[in-house]
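Asker: Starting off with a structure, shown below.
4 protein chains.
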Amino acid sequence: MVPAGATSTISGVFPICPTPFLENGDLDIDTFDRLVDFYVECGVHGLIVLGIFGEAAMLTAEEGMIILRRTVARSAGRLPVILGTGNLTLRDLASLSLQAMEEGAFGLMVAPPRGVRTDEQIHTAVARQMKAIGPDVPVFFQDYPPFNDVVMSVPLILTLAREYPQIVSLKVEDNPVLGKITRIRQGLESWARPAPTLMVANSGIYGAPALRRGADGLATGFSYPEVLVGIDAMAKQGDIEGATDLFDAHLPMICQELQPGLGLRVRKHVLWRRGLLRTPTVRQAVPRLDATDIEEIDWLIARGERRLADLGWEKTESGRWVPAAA
Amino acid sequence: MVPAGATSTISGVFPICPTPFLENGDLDIDTFDRLVDFYVECGVHGLIVLGIFGEAAMLTAEEGMIILRRTVARSAGRLPVILGTGNLTLRDLASLSLQAMEEGAFGLMVAPPRGVRTDEQIHTAVARQMKAIGPDVPVFFQDYPPFNDVVMSVPLILTLAREYPQIVSLKVEDNPVLGKITRIRQGLESWARPAPTLMVANSGIYGAPALRRGADGLATGFSYPEVLVGIDAMAKQGDIEGATDLFDAHLPMICQELQPGLGLRVRKHVLWRRGLLRTPTVRQAVPRLDATDIEEIDWLIARGERRLADLGWEKTESGRWVPAAA
Amino acid sequence: MVPAGATSTISGVFPICPTPFLENGDLDIDTFDRLVDFYVECGVHGLIVLGIFGEAAMLTAEEGMIILRRTVARSAGRLPVILGTGNLTLRDLASLSLQAMEEGAFGLMVAPPRGVRTDEQIHTAVARQMKAIGPDVPVFFQDYPPFNDVVMSVPLILTLAREYPQIVSLKVEDNPVLGKITRIRQGLESWARPAPTLMVANSGIYGAPALRRGADGLATGFSYPEVLVGIDAMAKQGDIEGATDLFDAHLPMICQELQPGLGLRVRKHVLWRRGLLRTPTVRQAVPRLDATDIEEIDWLIARGERRLADLGWEKTESGRWVPAAA
Amino acid sequence: MVPAGATSTISGVFPICPTPFLENGDLDIDTFDRLVDFYVECGVHGLIVLGIFGEAAMLTAEEGMIILRRTVARSAGRLPVILGTGNLTLRDLASLSLQAMEEGAFGLMVAPPRGVRTDEQIHTAVARQMKAIGPDVPVFFQDYPPFNDVVMSVPLILTLAREYPQIVSLKVEDNPVLGKITRIRQGLESWARPAPTLMVANSGIYGAPALRRGADGLATGFSYPEVLVGIDAMAKQGDIEGATDLFDAHLPMICQELQPGLGLRVRKHVLWRRGLLRTPTVRQAVPRLDATDIEEIDWLIARGERRLADLGWEKTESGRWVPAAA
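Protein chains in written order, with my numbering: chain U, 1 to 326; chain D, 1001 to 1326; chain E, 2001 to 2326; chain X, 3001 to 3326.
What follows is the structure in structure tokens.
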């Protein structure tokens, strides 16, 4: 059984951490410490390592474990750490699951494997995954068709969540996503046992409307995590207009980060400009940003930060943005 | 309600009729009469017009009706005529359905529309189609992922068949297909009311094993329909080895006709060589056969007919093959 | 040869017109007149009818011609009218081309047919289309992978534009799109003869950055065409910050309209709320908006219009927004 | 530079070796020795390990190296060994390339990475792969859209082969494939330096016609490699009718092995029945064969072997089939 409280743990802002590289492509593990500290300072509620944006597919199994260990060690209990499992095979899932929990992970992020189509095929495949992982490991279950080309209906997601109580949270990033959030929310309402939380991703593009519809939080790698924390907090305090103003100020950059392939470059560029990465290096074979791209992103950074200032936020010495009142 | 007996009508060999064109691409409607006569002589059990192989997507609505009328008129009650509905919209499906039945069609061949993925989406879309068609029109329901990219599980197909009694036959051409046939067959066993028949297509590539597993017949445009009739008859008389010998003799040509795009050209070429079409013209923008292709197909025709002769068949004056005993 | 000046004609704002329907799904042709008048008042530079957003695939050939005629008649030379050709076959393209020009269309919007993949296949297929259309009909050539699953490289697009001078404008909506715009722009720079203009679409989501990179205009069905005209005008007057402020104010709604399937409903709902459509009816089988969706869209309308007012725009009695200074 | 003669080495029959597993899914490395011996006895011309059929995606990097070493050691120079590289990243490709050559591999089998579409994207991606591999490693270049969803035109394949002389052989398994073979063959005719050889795969389904069109050999995991050797030999001796008779006798089983997912099970079952594998275990999450499937495959084995006997072949004591004359 997953520990009591596991369900409500995954709520609020769970950034997908980037994996920092040196210019030669080697892991820049030292930068991880700084990143973890930054996320803690931002007030996020948890961390997801080895997600898509973490370029998990480009890492060896050893590198993955190094990252997990470092993140757990540095967060030192301050933040629950979720481990992405990308497109692991069932065999690897079983062994990783054990290892990850021993290393101090809070749980695993899991998506159905590529190649299944019908409800029956998805059901069978997820059943195998859950069996491989076992009932004691909290699962952050990912509905993410652009990644694995698996489309799940709301009834199927609810069935899976009901059958596998280790699914403590649902990460929904289908497109359209908003109606799906509402329907899942409704489906979870009458549960006797704690229902999984509902997190939205989609690079954050529908973040504010999703929170307005009752999502429990945001799980995205957007390059201003402190802003996500602000949006989430205001929404939960009932100030949805304020949350949406804050969100809208960043939508142009969110749209930039949404671009297939290129978005990874954009995000790492912004994080690098913000001093959070030593280099914007990526391992994935995606086109480089050229001078025009970079000039444009820098212009959007400036515009976004200006709007943030207009909304009463200010930049700390370390480069983090905080509401002026705080 | 569909008429009593509609279910058992779709059984045996239902060729997908080609649509004959003149060299300039105009409809060669006169050739249709000859084709219909030929199919009747071959002993097929029904005809499907305006299927994929009939290049339905390349025809105007008027041309479609001309073809339907001509086929019904010429078959003169000798063969039930099924009308393909390709990727018609719901509006068009409703109006076509009425019109087709008035013109004497036996029923419609229907596949779920492109773009639906989950069981729930497929169920909703098919429900709309069935409502548009109405309960009185026999439906030959097509499971054909290469055409519409819709993959249906066996439980879903059975649910649809149970809910819509107008579905009098199932045309299964998923890949893999054989296990699906067995599972559907098992699922239909215990039905109180007449269960839909089970027809196999896939260009015929698994024809003999499918009949061995209990398929009720073959619905394919293979260029030797009289051979399909022979295979079907032998299989149903219990001579599955003989049926498979006959089938195997044609498998090389079936594999040629299986090629995406090109298969249409191959089939029309063979039918043209056999004197059944005035030209091998197609409307679809598929690559032409070059001299090497044609030489190869002609070589395969010769090899196939030699094996047919080895198996005791002979060619009539009109070019049709018949078992020597007949 | 296409008429002199055809190239520069397609520049600025070219909305994709919706097709208005009555509640029973019949064509609401009367509403077209009002729509055309509205677009003229908004100051758009041309109109595109029978695009994807115009639900071309749901219309009969007759309905298409009725719409074209009505649009041409009502615009009465005030606006060039481009006719979408969706997924017409080559045969239909040839006949439509003639007819459309006789009816007074300015030109055709054409995309490569579904099913071609390699540069060679695309080249061959487009060559056939251009031959069917003929050299005298201005073509607005569409690069739109989400529609036809055809991905074209920049070198291929430039080759096609060079070989077929009837291509007077390029509508680019690949994703990522911005770098593509820059590369095409660079590739067109040194042309001796007038190079095609470069229009951006993608539901407008990268509208402001695209204009900043030198796109000649916007071709999208966004529900506030007058805002697009404002953005385009400011960008061309060099006020890119102002243009982007205006653009950003509408990005939340643009993102709503971007949702696959649902976006069509959202747009028609907004146009209906704005009094431009008699009903928000669509023909396409896309999920309906529920009460939550509608409440959300109405909330976004209110937010968007508030920001528009903040930027100094005001609503005329007829419901059109205009810059206060105007 | 690749060694002289590397080009002509890849010609004839190059089976894709299965990876044997114990019932618990562990590597059954002992069985590899027997398999290699069997392939040598069959007279094949080379071996491909870690291909798709070798379930490369299910193996750890360590297991891959174990298999390579064992195959090289056991073949002891009797057969060139090609190493599949599946969907390795560029980083892994570079390190694997070095390691594989040190371990005695003859060369690498390489396919463009998933996710590239246009000629330009494919060209760039393959250039990166070739740079990572270096000019000294012979490359068996794979055109295999069902695996990576990359479609390459003939001109592009020829360009790549011309630019990268390390490409010593082309493995073509697009669909349709036959015309592609002819066009590539023609394109290679006039080369000054040794042109790459041309191998056909597609599970062997067009094996005989492909050899007739001038393919240099067959690279497939079909479960009767000795039959492939016979077909190849007869075709090269000019007895294309005899080769095709032999081929046709096995086409029903080839079609069974062609089924997506299931084909892997079928092949391993047949190899197991033939005594070449200790278990038919697979690691991939593909549906199991049920009793009906197994009965059917066994029936097809019996039919195929009967036809082989009819064609004058006989079974040796070790279970290998040989032409009676031999």
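Just so you know, even glycine gets a beta-carbon here, dropped at the ideal spot from N, CA and C.
1) Below 8 angstroms on the Cβ atoms is my guess for proline 3372(X) versus histidine 3269(X); work out the distance and round it to an integer in Å.
2) Do we get a CB-CB distance below 8 angstroms when we pair threonine 1220(D) with the residues of chain X?
3) Contact defined as beta carbons within less than 8 angstroms: I believe isoleucine 2231(E) pairs with alanine 2243(E). What is the distance between those atoms, to the nearest angstrom?
4) So, at 6 angstroms on beta carbons, what are the nonlocal neighbours of tyrosine 144(U) in its own chain, with the 5 sequence-adjacent residues on each side left out?
5) Reducing DSSP to helix, strand and coil, say where glutamate 2021(E) ends up.
6) May I ask you to verify whether the region 3024 to 3041 of chain X touches the region 3295 to 3311 of chain X, counting CB pairs closer than 8 angstroms and requiring at least 3?
7) Could you tell me the alpha carbon to alpha carbon distance between glutamate 3226(X) and alanine 3208(X), rounded to whole angstroms?
8) Which residues mark the beginning and the end of the alpha helix (DSSP H) in which alanine 2068(E) is found?
9) Listed in chain order, which residues of the region 3074 to 3093 of chain X have Cβ atoms closer than 7 angstroms to some Cβ of chain U?
10) Can you pull out the residues from the region 3199 to 3217 of chain X whose beta carbon lies closer than 8 angstroms to at least one beta carbon of chain U?
11) Does the distance from the C-beta atom of glutamate 3163(X) to that of serine 3203(X) stay below 8 angstroms?
12) Kindly list, in the order they appear in chain U, the residues whose Cβ is closer than 8 angstroms to that of leucine 2251(E).
13) When the cut-off is 8 angstroms and only beta carbons count, does proline 1146(D) lie next to chain U?
14) Report the rounded CA-to-CA distance for threonine 1060(D) versus valine 200(U), giving the unit in angstroms.
15) Looking at chain U, which residues of the region 1111 to 1137 of chain D have a Cβ within less than 8 angstroms of any of its Cβ atoms?
16) How far does the beta strand (DSSP E) with glutamine 3186(X) in it reach, from first residue to last?
17) Kindly list, in the order they appear in chain X, the residues whose Cβ is closer than 8 angstroms to that of glycine 1179(D).
18) For the alpha helix (DSSP H) that proline 2155(E) lies in, which residues bound it at each end?
19) 8 angstroms is my cut-off, CB to CB: does alanine 1025(D) come that close to chain E?
20) At 7 angstroms on the CB atoms, spell out the chain D contacts of glutamine 3259(X), in chain order.
21) Report the CB separation of phenylalanine 2147(E) from leucine 2108(E) in whole angstroms; it is logged as a contact under 8 angstroms.
22) Starting from glutamate 3317(X), follow the beta strand (DSSP E) in both directions and report where the run begins and ends.
23) Starting from valine 3110(X), follow the beta strand (DSSP E) in both directions and report where the run begins and ends.
24) Buried or exposed: which applies to glutamate 1055(D), given that a residue is buried once 16 or more other Cβ atoms fall within 10 Å of its Cβ?
25) Under a three-way DSSP split, which group does proline 3323(X) fall into?
26) Verify whether the separation of the beta carbon atoms of valine 2282(E) and leucine 2264(E) is less than 8 angstroms.
27) So who's on the other strand from valine 81(U), going by DSSP bridges?
28) Can you tell which of Leu1188(D), Arg1273(D), Ile1029(D) has its C-alpha closest to the C-alpha of serine 1318(D)?
29) Taking buried to mean at least 16 other C-beta atoms within 10 Å of its own C-beta, is leucine 1316(D) buried or exposed?
30) Does the beta carbon of valine 103(U) sit closer than 8 angstroms to a beta carbon anywhere in chain E?
31) Does the pairing of the region 75 to 91 of chain U with the region 1083 to 1093 of chain D give three or more beta-carbon distances under 8 angstroms?
32) If I measure Cβ to Cβ from proline 323(U) and keep anything under 7 angstroms in the same chain, skipping five residues before and after, which residues do I get?
33) When you compare only the Cα positions, how much space is there between tryptophan 191(U) and serine 169(U)?
34) Under 7 angstroms between beta-carbons, which chain X residues line up against methionine 58(U)? List them in chain order, please.
35) Is the separation between the beta-carbon of leucine 3160(X) and that of isoleucine 3184(X) shorter than 8 angstroms?
36) Going by DSSP, which residues form a beta bridge with glutamine 142(U)?
Answerer: In terms of the structure at hand:
1) Outside the shown range of chain X, which is 3001 to 3326, sits residue 3372(X), and nothing can be said about it.
2) no
3) 5 angstroms
4) Ala111, Glu173
5) Checking the displayed sequence, the identity of residue 2021(E) turns out to be phenylalanine instead of glutamate. Strand, per DSSP.
6) no
7) 15 angstroms
8) The question names alanine, but residue 2068(E) is leucine in the sequence shown. Per DSSP, leucine 2068(E) belongs to the alpha helix (DSSP H) from 2061 to 2075.
9) Thr3089, Leu3090, Arg3091
10) none
11) no
12) Asp248, Leu251, Pro252, Cys255
13) no
14) 46 angstroms
15) Arg1117, Thr1118, Asp1119, Glu1120, Gln1121
16) No beta strand (DSSP E) holds glutamine 3186(X); the alpha helix (DSSP H) holding it covers 3178 to 3188.
17) Leu3262, Pro3287, Asp3290, Thr3292, Asp3293
18) 2154 to 2163
19) Correcting the residue type first, residue 1025(D) is glycine in the shown sequence and not alanine. Answer yes: the Cβ-Cβ gap between glycine 1025(D) and chain E drops below 8 angstroms somewhere.
20) Asn1175, Pro1176
21) With 8 angstroms as the limit, phenylalanine 2147(E) and leucine 2108(E) do not qualify as a contact, their Cβ atoms being about 15 angstroms apart.
22) Run containing glutamate 3317(X): none; DSSP gives neither H nor E here.
23) 3107 to 3110
24) buried
25) strand
26) yes
27) Leu47(U)
28) Arg1273(D)
29) According to the sequence provided, residue 1316(D) is threonine. The question's leucine does not apply to it. Exposed, by the Cβ-count rule.
30) Note that residue 103(U) corresponds to glutamate in the displayed sequence, not to valine. So, not an interface residue.
31) no
32) Gly230, Gly312, Trp313
33) 14 angstroms
34) Thr3089
35) no
36) Lys171(U)
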